[in-house]
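Residue numbers (the UniProt record's numbering), protein chains in the order written: chain A, 1 to 141; chain B, 1 to 141; chain C, 1 to 141; chain D, 1 to 141.
For every residue, glycine included, the Cβ atom is placed at its ideal position computed from N, Cα and C.
Everything numeric in this text was worked out from a predicted model, so none of it was measured.
One structure is given here, and the rest of the page talks about it.
Number of protein chains: 4
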Amino acid sequence: MLTVNRLDLADARLLIEGAAEKAREIGVPMCIAITDESGNLIAFERMDGGKITSVTIAQDKSFTASAAKKATHDYNAVNVPGKLAFGIHTEVGGRISSVGGGLPVIVDGEVVGGIGLSSGTPQQDMDCAQAGIDYFESKRG
Amino acid sequence: MLTVNRLDLADARLLIEGAAEKAREIGVPMCIAITDESGNLIAFERMDGGKITSVTIAQDKSFTASAAKKATHDYNAVNVPGKLAFGIHTEVGGRISSVGGGLPVIVDGEVVGGIGLSSGTPQQDMDCAQAGIDYFESKRG
Amino acid sequence: MLTVNRLDLADARLLIEGAAEKAREIGVPMCIAITDESGNLIAFERMDGGKITSVTIAQDKSFTASAAKKATHDYNAVNVPGKLAFGIHTEVGGRISSVGGGLPVIVDGEVVGGIGLSSGTPQQDMDCAQAGIDYFESKRG
Amino acid sequence: MLTVNRLDLADARLLIEGAAEKAREIGVPMCIAITDESGNLIAFERMDGGKITSVTIAQDKSFTASAAKKATHDYNAVNVPGKLAFGIHTEVGGRISSVGGGLPVIVDGEVVGGIGLSSGTPQQDMDCAQAGIDYFESKRG
Numbered sequence: 001m002l003t004v005n006r007l008d009l010a011d012a013r014l015l016i017e018g019a020a021e022k023a024r025e026i027g028v029p030m031c032i033a034i035t036d037e038s039g040n041l042i043a044f045e046r047m048d049g050g051k052i053t054s055v056t057i058a059q060d061k062s063f064t065a066s067a068a069k070k071a072t073h074d075y076n077a078v079n080v081p082g083k084l085a086f087g088i089h090t091e092v093g094g095r096i097s098s099v100g101g102g103l104p105v106i107v108d109g110e111v112v113g114g115i116g117l118s119s120g121t122p123q124q125d126m127d128c129a130q131a132g133i134d135y136f137e138s139k140r141g
Numbered sequence: 001m002l003t004v005n006r007l008d009l010a011d012a013r014l015l016i017e018g019a020a021e022k023a024r025e026i027g028v029p030m031c032i033a034i035t036d037e038s039g040n041l042i043a044f045e046r047m048d049g050g051k052i053t054s055v056t057i058a059q060d061k062s063f064t065a066s067a068a069k070k071a072t073h074d075y076n077a078v079n080v081p082g083k084l085a086f087g088i089h090t091e092v093g094g095r096i097s098s099v100g101g102g103l104p105v106i107v108d109g110e111v112v113g114g115i116g117l118s119s120g121t122p123q124q125d126m127d128c129a130q131a132g133i134d135y136f137e138s139k140r141g
Numbered sequence: 001m002l003t004v005n006r007l008d009l010a011d012a013r014l015l016i017e018g019a020a021e022k023a024r025e026i027g028v029p030m031c032i033a034i035t036d037e038s039g040n041l042i043a044f045e046r047m048d049g050g051k052i053t054s055v056t057i058a059q060d061k062s063f064t065a066s067a068a069k070k071a072t073h074d075y076n077a078v079n080v081p082g083k084l085a086f087g088i089h090t091e092v093g094g095r096i097s098s099v100g101g102g103l104p105v106i107v108d109g110e111v112v113g114g115i116g117l118s119s120g121t122p123q124q125d126m127d128c129a130q131a132g133i134d135y136f137e138s139k140r141g
Numbered sequence: 001m002l003t004v005n006r007l008d009l010a011d012a013r014l015l016i017e018g019a020a021e022k023a024r025e026i027g028v029p030m031c032i033a034i035t036d037e038s039g040n041l042i043a044f045e046r047m048d049g050g051k052i053t054s055v056t057i058a059q060d061k062s063f064t065a066s067a068a069k070k071a072t073h074d075y076n077a078v079n080v081p082g083k084l085a086f087g088i089h090t091e092v093g094g095r096i097s098s099v100g101g102g103l104p105v106i107v108d109g110e111v112v113g114g115i116g117l118s119s120g121t122p123q124q125d126m127d128c129a130q131a132g133i134d135y136f137e138s139k140r141g
């Protein structure tokens, strides 16, 4: 039997809160998705004005980051024609995202979930995702 | 030109809060999804212990209720062999739900969104969805 | 943070071994799928002669049993026109199975995974799934 | 009438065993999928710690290698903008994989199945897939 740690709903809310605060700061309403370590959704919020396409994209970024234990921008770096990982983004029904904005959430060296942002530029999405993690870590104490 | 009224994120949180309160009362951790009048997700929460399959089912119930402007248990009543609506549940890639637990959210006679619950019996899901709407209406004042 | 228990690969092999032994006894080559508590595949074997359609069906039964924490034959009993759960089998992209042959695997009162069988009659599939669980429990000691 | 040769379950287990041995040697827990000459799954194992996204990716690599009779890294080499095969990875619902790690299994000049690995780098996946084939061939004598 394996024992696995995963984010709970209170954790997920902290991650969303930190990411949303950053999104307000930069003036870009975001879709924010939090998944558990197996890639399944725990919580989601679309800020007023967030994009409809981002409803799915944010979830897929979070799914990828948690279930593959890898930031989506790290997949982006290797998802280049001629590299051996090229084409990864169509896998799992196209749910594997190689667009920046998905980060694994790591506690004590273990991936316990993921956060995915979408509606801004990939860099804005990445910054807000990181802000979510920073806030989560500051509150866990 | 059309002007459309839809739930905002603050509304969605009220709907979740009311539904979750009822879920705690009956002791069944739920997945709770809130969609706008176009069927697109605004907010989602999986209470600790909510079922993984319900992550999708709650969203599909809410999608159905808002986008089809009909409670999923009303689809259930007509989704019977021999009735002309029979088979509706396989439409839209199977996202049309005829399982009780999805309700349209109606303000001033207009559907502005939907709420979908899953993890309990259909009746429990329906009761919690209704509790979400009741709470939302009480807070709108 | 939540802590979750799930089957490991050694557990999954025991479940397959017990189910396959029963399948050989009744002379029906089976597809046998073992999933973790989140519904994700751990191990799968198609016995020589197992049906091709059953490759997916066995996985979907196991997915349903583990992720919904319910035997697929229990969904079968409520997936009847006129009952409020009718239509549940098209949910999650049609992966929710209401065909007998999927059982949750429960250890210390907690669902830690699932087993799904397909290729025989639903009753044969159910018997072999149960045999897998019985063998697993006998070996865990 | 055609007569087709394909891997049986005992063959599939040998392929998995050889690949898993290599995976343990390099310290990367893998998802390992074996398909028959028609691309249908015979056996699958997720080593403890294998990635959730790799559950599907390993199967798709094996599917591609066996059903297209081509190593996924060979598709990778031609899946480059400007080449006539570019875009092949979105075909068959995205199941065609151009990520290294899927190899056809060839006996007497005939493709009898495939092996797909995922969870490491593409090169690690390729090495473990080859190790599976080498072990299989050594045991067939």
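Residues of the region 57-72 of chain C that bring their beta carbon within less than 9 Å of a beta carbon in chain B comprise Phe-63, Thr-64, Ser-66, Ala-67, Ala-68, Lys-69, Lys-70, in sequence order. Within the region 80-97 of chain A, contact with chain D at the beta-carbon level (separation under 9 Å) is assigned to Pro-81, Gly-82, Lys-83, Leu-84, Ala-85, Phe-86, Gly-87, Ile-88, His-89, Thr-90, Glu-91, Val-92, Gly-93, Gly-94, Arg-95, Ile-96.
For Gly-49 of chain D and Gly-87 of chain D, the gap between their C-alpha atoms comes out near 32 Å.
Cβ-Cβ distances below 8 Å link Val-80 of chain D to Phe-86 in the same chain, with the five nearest sequence neighbours on each side left out; the list follows chain order.
Residues are counted here when their Cβ sits less than 7 Å from a Cβ of chain C; for the region 25-48 of chain A these are Ser-38, Asn-40, given in chain order.
Under DSSP, the beta-bridge partners assigned to Pro-104 of chain B are B:Gly-114.
Here the alpha carbons of Gly-132 of chain A and Ile-26 of chain C stand approximately 55 Å from one another. If the five residues before and after Gly-39 of chain A are omitted, its C-beta is found closer than 7 Å to the C-beta atoms of Phe-63, Ser-66, Ala-67, all from its own chain and listed in chain order.
With a threshold of 8 Å between beta carbons, Leu-103 of chain A makes no contact with chain D. Residue state for Asp-8 of chain A is assigned as coil, using DSSP reduced to three classes. The beta carbon of Val-107 of chain A falls within 8 Å of a beta carbon belonging to chain C, placing the residue at that interface. In the three-state scheme derived from DSSP, where H, G and I count as helix and E and B as strand, Glu-25 of chain B is classed as helix. Scanning chain B for C-beta atoms nearer than 8 Å to the C-beta of Leu-117 of chain C yields nothing, as the closest lies near 19 Å away. Apart from sequence neighbours up to five positions away, the residues of its chain that approach Ser-97 of chain D with a beta-carbon distance below 6 Å are Asp-60, Lys-61, Thr-64, Thr-72, ordered along the chain.
By DSSP's assignment, Thr-35 of chain A forms a beta bridge with A:Leu-41, A:Gly-114. For secondary structure counted as the alpha helix (DSSP H) over 4 or more consecutive residues, the region 56-89 of chain A holds these complete runs in sequence order: 72-78. Exclusion of the five residues before and after Leu-9 of chain B leaves Ile-42, Ala-43 as the residues of its chain whose Cβ lies within less than 8 Å of its Cβ. Annotated as distal: Met-30 of chain A and Gly-100 of chain A, with beta-carbon spacing of 8 Å or more. By the Cβ neighbour-count rule, Met-47 of chain A is buried, with 16 or more other Cβ atoms within 10 Å of its own.
For Ile-52 of chain D, there is no enclosing alpha helix (DSSP H), as DSSP gives it neither H nor E. Comparing C-alpha distances from Asp-127 of chain D to each of D:Arg-6, D:Arg-24, D:Val-4 shows the shortest one belongs to D:Arg-24. Nearest Cα to Gln-123 of chain C within the set C:Asp-74, C:Met-1, C:Asn-5, C:Ile-34: C:Asp-74. Contact between Arg-6 of chain C and Val-92 of chain C does not hold, since their C-beta atoms are separated by about 20 Å, which reaches or exceeds 8 Å.
The contact set of Asp-8 of chain A on chain B, defined by CB atoms closer than 8 Å, consists of Asp-48 in chain order.
The Cβ atoms of Gly-114 of chain A and Thr-35 of chain A sit closer than 8 Å to each other. At a cut-off of 8 Å between C-beta atoms, Val-55 of chain A counts as an interface residue with respect to chain B.
The beta-carbon separation of Tyr-135 of chain A and Glu-21 of chain A, rounded to 7 Å, stays under the 8 Å limit for a contact. In this structure, DSSP gives Arg-13 of chain C a helical state, which the three-state scheme calls helix. Cβ atoms of Pro-104 of chain C and Lys-139 of chain C stay farther apart than 8 Å, at about 18 Å. Rounded to whole angstroms, the Cβ separation of Gly-94 of chain C and Gly-116 of chain C is 15 Å, and the two are not in contact under 8 Å. At least 8 Å separates the CB of Ile-133 of chain A from every CB of chain B. Residue environment analysis places Lys-51 of chain D among the buried positions, since at least 16 neighbouring C-beta atoms fall within 10 angstroms of its C-beta. Using a Cβ distance threshold of 8 Å, Ala-12 of chain D and Ala-129 of chain D do not count as a contacting pair.
With distances taken between CA atoms, Val-28 of chain D lies nearest to D:Ser-54 out of D:Glu-37, D:Lys-83, D:Leu-15, D:Ser-54.
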